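For the record, the sequence lines run as chains C and Y.
Every position in the first sequence, counted from 1, becomes a number in our numbering once 198 is added.
Every position in the second sequence, counted from 1, becomes a number in our numbering once 6 is added.
The beta carbon of each residue, even a glycine, is placed where N, CA and C say it ideally should be.
On a predicted model such as this, the values are computed, not experimentally measured, just so you know.
A quick write-up on the structure given underneath.
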Amino acid sequence: MDIRLSGISHSYGEVEVMRDITLDVPSGRIVCIVGPSGCGKSTLLRFIGGLERPDRGEVLQLGAPPTGCLNPLTYVFQDFALLPWRSVAGNIALVLEDHGLPRAQMDEIIQDVLARTKLSDFAQALPKQLSGGMKQRVAIARAMAVNPAVMLMDEPLSALDSQTRELLMDDLIGLWTRTPFTAVYVTHNLAEAVRLGHSIVVLSRRPGQIREVVHLDMPLAERGLGDPDLDRKQQYLWALMRDEARAADAELIHV
Amino acid sequence: MSEAPDTARRVAFRGGGFAPTPRRFVGAAVFILLIVLAEIGTRTGVISPLTLPKPSDVLATFGDLYRSGLLWKHLGPSLSRLAVGATLGVSLGISVGILIGLFSYIRAGLVPLVAALFPIPKIALLPLFVIWFGIDEGSKYALIAFGTFTPTVVATYGAVDNVDRTLIRMGQSFGLSWVSIVRKIVLPGAMPGILSGLRISLAIAIILLVAAEMLGAEYGIGAYILEAGALYDLERLFAGVVILSVLGVLVSMAIGLIERRLLVWRV
Ligand SMILES: Nc1ncnc2c1ncn2[C@@H]1O[C@H](COP(=O)(O)OP(=O)(O)O)[C@@H](O)[C@H]1O
Ligand SMILES: [Mg+2]
């Protein structure tokens with residue numbers, strides 16, 4: 199299933215946050231969206247997942263979601279959004295319970311996603327007992343449990359320290375290499391973008407417009423930390439963004 | 007680095023306090039100290055018997071009450087009034103509070119009404135309740151229920167308002183049904199606030215119990231206290247008051263227990 203955004207524009211009251219965004223998300227690819235803070239990345243992701251409606255333009259699903267898909271458009275949030283009163287397994291069960299699956303099948307799905315995210319030993323732990331990196335792995339396991347057609351990830355690694363971020367990036371690359379998934383991956387971190395993105399969409403400062411789409415052909419599994427090709431891409435992206443970021447940073451905020 | 011020892015001073019610690027830690031038996035020690043002081047004062051005559059009864063006499067009165075079997079005769083009706091009234095008021099209060107928390111129209115319609123009802127001294131309405139619900143148990147239930155209702159509503163909708171919105175967004179993004187979101191996200195998220203509201207509501211219920219028994223109650227802790235008060239029988243008055251206090255402590259301990267069982271997930 200592909201996603202197509204056509205001519206999306208939006209304003210919050212007087213503030214125009216987004217102008218004429220047109221973009222295709224092909225299935226089986228990771229599309230990274232980068233841009234200065236406040237340029238509307240999170241807002242765009244909310245439009246794609248149907249949590250909010252844009253003023254103009256539309257978001258289209260092209261083709262049917264795969265069979266066995268319980269929730270085609272599935273988020274992974276920056277702050278994890280785990281229910282603190284449910285165990286790891288309970289948090290994953292939460293998103294399966296409404297679908298009337300037989301108990302055995304639910305257990306099987308939970309076992310499977312916990313194994314894939316290396317969390318099997320922590321099934322009964324409460325979120326307060328987990329580190330930040332483990333919490334985000336639980337959130338990723340929960341997203342995979344509903345077998346999504348497209349994962350919508352809003353700065354999923356931004357709340358984590360840099361070592362944990364590296365480990366989780368490796369985990370994500372491992373997951374994708376075994377079973378390629380489709381994702382829109384929002385980040386302000388260019389190193390993440392060049393490691394994970396098949397294409398990288400650079401947005402301008404508010405009102406967010408597409409400045410450029412950069413394609414990376416190197417297979418994900420071959421992209422290592424400190425790879426010179428990736429470094430060059432990252433520097434190119436930074437050159438594109440620097441002035442935008444500086445201007446965005448110096449803007450007065452009218453609330 | 008090891009030079010200039012005469013100017014070396016240890017950095018003063020200033021990070022203490024502001025972090026309550028449990029101190030066992032301190033609460034009990036305060037009670038015992040006060041009672042012992044009162045006993046010494048009344049025995050030596052520093053405190054005249056007209057201002058305060060001897061704690062030992064109060065204990066003896068309590069013993070009489072227990073042995074005569076009157077204790078249960080008074081306690082039984084009081085506890086059932088408390089149970090029925092508070093259950094009615096609290097369950098209605100939680101339901102209305104949740105509705106206010108969830109629906110904008112209900113909120114707009116009921117919040118001003120609750121604000122208008124809250125400050126009314128419920129005791130002042132006792133005659134009205136007697137007319138509406140009869141002089142028997144009905145008016146007593148109604149008074150306690152009404153008194154616990156308003157604080158429960160306010161605590162509950164405040165608790166629902168404070169549920170983390172990102173968790174609700176998460177539920178919506180996974181396509182959970184409205185009922186599931188309310189039952190699995192909103193209610194558990196509001197539970198800490200609802201339980202701390204319950205502490206206040208139940209204390210108010212005990213206060214109102216005495217008021218409810220002012221009218222036409224033959225038996226009941228409140229009736230017992232009022233009768234003793236009318237006769238200036240300070241020993242019996244204090245025996246009754248101590249029963250209410252113990253009731254309050256027990257209720258508070260019970261809620262503490264529920265909190266520890268239900269809210270283990272709290273950080
Ligand atoms: N619900 C909202 N109401 C009003 N303004 C909003 C709302 N959500 C976001 N904004 C504004 O829209 C702009 C884009 O926000 P956001 O999408 O969160 O940016 P980003 O995720 O790229 O940092 C910001 O200026 C923000 O203040
Ligand atoms: Mg954002």
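Should Phe-320 (chain C) be flagged as near chain Y, meaning a C-beta pair shorter than 8 angstroms?
-> Taking Cβ atoms only, chain Y never reaches closer than 8 angstroms to Phe-320 (chain C), which makes this a no.
Hey, quick one: how far does the beta strand (DSSP E) through Leu-350 (chain C) stretch, first residue to last?
-> Run containing Leu-350 (chain C): 348-352, per the beta strand (DSSP E) assignment.
Among C:Gln-303, C:Leu-358, C:Gly-248, which has the Cα closest to the Cα of Gly-177 (chain Y)?
-> For the residues C:Gln-303, C:Leu-358, C:Gly-248, the minimum Cα distance to Gly-177 (chain Y) belongs to C:Gly-248.
Could you give the residue range of the beta strand (DSSP E) that holds Ser-209 (chain C)?
-> Taken as a continuous stretch (DSSP letters only), the beta strand (DSSP E) holding Ser-209 (chain C) covers 200-210.
Heavy atom of ligand 1 within 7 angstroms of Cys-230 (chain C) beta-carbon | Because no heavy atom of ligand 1 lies under 7 angstroms away, the Cβ of Cys-230 (chain C) does not count as near it: no.
Of the residues Y:Phe-19, Y:Leu-71, Y:Leu-39, the one placed nearest Ile-231 (chain Y), counting alpha carbons only = For Ile-231 (chain Y), the nearest C-alpha among the options comes from Y:Leu-71.
Assess, as a yes-or-no matter, whether the segment 228-238 of chain C is touched by the segment 251-270 of chain C under the definition of 3 or more beta carbon pairs within less than 8 angstroms.
-> With the cut-off at 8 angstroms, the segment 251-270 of chain C and the segment 228-238 of chain C do not touch.
Assign Ala-223 (chain Y) to one of two classes, buried (16 or more other C-beta atoms within 10 Å of its C-beta) or exposed (fewer than that).
-> By the neighbour-count criterion, in which a residue is buried when 16 or more other Cβ atoms sit within 10 angstroms of its Cβ, Ala-223 (chain Y) is buried.
Tell me whether Thr-172 (chain Y) sits in a helix, a strand or coil according to DSSP, three-state version.
-> Taken through DSSP and simplified to helix, strand or coil, Thr-172 (chain Y) comes out as helix.
Mind listing the chain Y neighbours of Phe-245 (chain C)? Cutoff is C-beta to C-beta under 9 angstroms, in chain order.
-> Ordered by position in chain Y, no residue passes the 9 angstroms Cβ test against Phe-245 (chain C), which lies about 13 angstroms from the chain.
Chain C residues whose Cβ lies nearer than 9 angstroms to that of Phe-180 (chain Y) = In chain order: Leu-268, Asn-269, Thr-272, Tyr-273, Leu-292, Val-293, Asp-296, Arg-340, Ala-341, Val-344.
For Val-160 (chain Y), which of Y:Ser-207, Y:Val-255, Y:Ala-14 has the nearest alpha-carbon?
-> The shortest C-alpha separation from Val-160 (chain Y) is found at Y:Ser-207.
Who are the neighbours of Ala-381 (chain C) on chain Y, taking C-beta pairs under 8 angstroms?
-> Here the premise fails: no neighbours, minimum Cβ distance about 15 angstroms.
Are the C-beta of Asp-352 (chain C) and some C-beta of chain Y separated by less than 8 angstroms?
-> By this cut-off, Asp-352 (chain C) is not an interface position.
Opposite His-413 (chain C) in the DSSP bridges: which residues?
-> DSSP output for His-413 (chain C) lists C:Ser-397 as bridge partner(s).
Simplified DSSP assignment, three categories, for Met-220 (chain Y) | Looking at Met-220 (chain Y) - three-state DSSP - the assignment turns out to be coil, as it is neither helix nor strand.
Integer Cβ distance of Val-274 (chain C) from Pro-354 (chain C), believed to fall under 8 angstroms = The Cβ separation is near 5 angstroms, so the contact holds.
Under 5 angstroms from any heavy atom of ligand 1, by CB: list those residues in chain order, please.
-> Listed by position along the chain, the residues with Cβ atoms less than 5 angstroms from a non-hydrogen atom of ligand 1 are C:Tyr-210, C:Val-215, C:Ser-235, C:Gly-236, C:Cys-237, C:Gly-238, C:Lys-239, C:Ser-240, C:Thr-241.
Could you tell me which of Y:Lys-79, Y:Gly-82, Y:Lys-128 sits nearest to Gly-95 (chain Y), measuring between CA atoms?
-> Checked all of Y:Lys-79, Y:Gly-82, Y:Lys-128; the closest Cα to Gly-95 (chain Y) is Y:Lys-128.
Asp-277 (chain C) at chain Y interface by Cβ criterion, 8 angstroms = Closer than 8 angstroms to some Cβ of chain Y, the Cβ of Asp-277 (chain C) qualifies, so yes.
Using a Cβ cut-off of 8 angstroms (strictly closer), state whether Leu-249 (chain C) contacts chain Y.
-> Yes, contact with chain Y.
Short check: CB of Ala-323 (chain C) to CB of Val-286 (chain C), under 8 angstroms?
-> For Ala-323 (chain C) and Val-286 (chain C), yes; Cβs fall inside 8 angstroms.
By how many angstroms is the C-alpha of Ile-227 (chain Y) removed from the C-alpha of Val-188 (chain Y)?
-> So the alpha carbons of these two residues sit roughly 40 angstroms apart.
Just how far apart, CA to CA, sit Ser-397 (chain C) and Leu-435 (chain C)?
-> CA-CA distance, Ser-397 (chain C) to Leu-435 (chain C), rounds to 12 angstroms.
Between Ser-101 (chain Y) and the rest of its own chain, which residues show a CB-CB distance below 8 angstroms, the 5 nearest in sequence each way excluded?
-> Residues of the same chain with a CB within less than 8 angstroms of the CB of Ser-101 (chain Y), apart from the 5 flanking positions on each side, do not exist.
Could you please give the first and the last residue of the uninterrupted alpha helix (DSSP H) stretch that includes Thr-375 (chain C)?
-> Unbroken alpha helix (DSSP H) run through Thr-375 (chain C): 360-376.
Partners in chain Y for Pro-264 (chain C), counting only beta-carbon separations shorter than 9 angstroms = By Cβ distance, chain Y contributes nothing, its closest Cβ being about 16 angstroms from Pro-264 (chain C), past 9 angstroms.
Could you pull the start and end residues of the alpha helix (DSSP H) that Gly-254 (chain Y) belongs to?
-> Gly-254 (chain Y) -> alpha helix (DSSP H) spans 240-268.
Whole alpha helix (DSSP H) elements within the segment 129-199 of chain Y, 4-residue minimum | Listed in chain order, the complete alpha helix (DSSP H) runs (minimum 4 residues) inside the segment 129-199 of chain Y are 132-139, 143-167, 171-179.
Can a CB atom of chain Y be found closer than 8 angstroms to the CB of Pro-282 (chain C)?
-> Interface residue (Cβ-Cβ distance to chain Y less than 8 angstroms): Pro-282 (chain C) is classified as such.
Any 3 or more C-beta pairs closer than 8 angstroms across the segment 130-144 of chain Y and the segment 203-221 of chain Y = Three or more Cβ pairs closer than 8 angstroms define a contact, and the segment 130-144 of chain Y meets that threshold against the segment 203-221 of chain Y.
Taking only heavy atoms of ligand 2 into account, decide whether any of them is closer than 7 angstroms to the Cβ of Asp-12 (chain Y).
-> Distances from the CB of Asp-12 (chain Y) to the heavy atoms of ligand 2 are all 7 angstroms or more.
Taking Cβ-Cβ distances shorter than 8 angstroms, what residues in chain Y pair up with Lys-326 (chain C)?
-> By Cβ distance, chain Y contributes Trp-271, Arg-272, Val-273.
Three-state secondary structure (DSSP) of Val-117 (chain Y) | The three-state reading of DSSP puts Val-117 (chain Y) in helix, counting H, G and I together.
Using 7 angstroms as the cut-off, classify the Cβ of Glu-250 (chain C) as near or not near the heavy atoms of ligand 2, replying yes or no.
-> It does not: the Cβ of Glu-250 (chain C) is nowhere closer than 7 angstroms to a heavy atom of ligand 2.
Pick from Y:Ile-261, Y:Gly-51, Y:Lys-146, Y:Asp-63: whose alpha carbon is nearest that of Val-248 (chain Y)?
-> Nearest Cα to Val-248 (chain Y) within the set Y:Ile-261, Y:Gly-51, Y:Lys-146, Y:Asp-63: Y:Asp-63.
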